[in-house]
Amino acid sequence: MVKRTSLAGDSCPIARALDVFGDWWSLLIIRDASLGCRRFGEFQTSLGLAKNILATRLRTLVERGILKMIPASDGSAYQEYVLSPKGRGIFPILVALRQWSEEFDEHPNEIDTFLVDRENGKPVQKLALYSQDGRLLSAADTTLKPRAAAKRARRVPA
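So that you can map any letter, position 40 of the sequence shown is 40 in UniProt numbering, and since no number is skipped, the others follow by simple counting.
1. State the beta-bridge partners of Lys145 as determined by DSSP.
2. Check whether the Cβ atoms of Ser84 and Leu58 lie closer than 8 Å to each other.
3. Could you have a look at Leu127 and say whether DSSP puts it in helix, strand or coil?
4. Near Ala128, which residues of its chain fall below 7 Å by C-beta distance, leaving aside the five closest residues on each side in sequence?
5. Hey, would you say Leu54 sits closer than 8 Å to Phe43, going by beta carbons?
6. Going by beta carbon distance, what residues of the same chain come within less than 8 Å of Asp19, once the five residues before and after it are set aside?
7. What is the DSSP secondary structure of Ile70, counted as helix, strand or coil?
8. Cα-Cα, which of Tyr130, Ala17, Lys51 is closest to Ala139?
9. Measure the C-alpha to C-alpha separation of Cys12 and Ser76 and round it to an integer number of angstroms.
10. Would you tell me roughly how many angstroms separate the C-alpha atoms of Leu27 and Pro146, rounded to the nearest one?
11. Distance check for Asp32 and Thr45, CA to CA, integer angstroms please.
12. Going by DSSP, what residue range makes up the beta strand (DSSP E) through Leu83?
13. From Gly22 to Gln132, what distance separates their C-alpha atoms?
14. Determine, using beta carbons only, whether Ile111 and Glu103 come nearer to each other than 8 Å.
15. Nearest to Leu115 by CA position, among Gly134, Glu106, Val95, is which residue?
16. Determine whether the beta carbon atoms of Glu63 and Ile70 lie at a separation below 8 Å.
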């Protein structure tokens, strides 16, 4: 088995975030938790993931503070998984991935759902990035600026 390289100490915030999520299964677990899955069996039924892999992913998401375990809502001896505030903070990332796929997928007709505002049933607007003064920004309108106190522990590519 190949050991995964940790990006936890990388100076890039995107790499650090990917280290927390781990892989696509973890993002799909977070997606399902945001849609109301709470029990191991619900995640397994939804994802079709082997029990050992699902157990490992759930444990990692709990250890990283994305999910938390609470007593089962039905009073049984089981535990349920719910998103922590850190986990709920991933929602805009999931929306961005969804909207990117809806726009650029080669077979958009195969996507069977779209995201709507629960209050009025209308599709949500596409996520956009705005400057502090309200201007719509594109990648060409942004740049990276070093933090004054940032430690430069950047990995050197091989």
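Backbone N, C-alpha and C fix where the C-beta goes; we use that ideal spot for every residue, glycine too. Please read all numbers here as calculations on a predicted model, not as lab measurements.
Reading off the structure:
1. For Lys145, which the question treats as bridged, DSSP gives no partner whatsoever.
2. It is not a contact, given that the beta carbons lie outside the stated cut-off.
3. In the structure shown, Leu127 falls within a coil segment according to DSSP collapsed to helix, strand and coil.
4. If we look at Ala128 and ignore the five residues flanking it on each side, its Cβ neighbours are Leu136.
5. In this structure, the beta-carbon distance from Leu54 to Phe43 falls below 8 Å.
6. Here the set comprises Ser6, Leu7, Ala8, Asp10.
7. Of the three classes helix, strand and coil, the one that applies to Ile70 here is strand, per DSSP.
8. Minimum Cα distance to Ala139 is reached at Tyr130.
9. Going by the C-alpha atoms only, they are around 43 Å apart.
10. Cα to Cα, Leu27 sits roughly 29 Å from Pro146.
11. Pairing Thr45 with Asp32, the inter-Cα distance amounts to about 11 Å.
12. The continuous beta strand (DSSP E) containing Leu83 extends over residues 79 to 83.
13. Distance between the alpha carbons of Gly22 and Gln132: 32 Å.
14. No; because the gap between Cβ atoms is not below 8 Å, this pair is not in contact.
15. Answer by Cα proximity: Val95.
16. Ile70 is positioned such that its CB atom lies no closer than 8 Å to that of Glu63.
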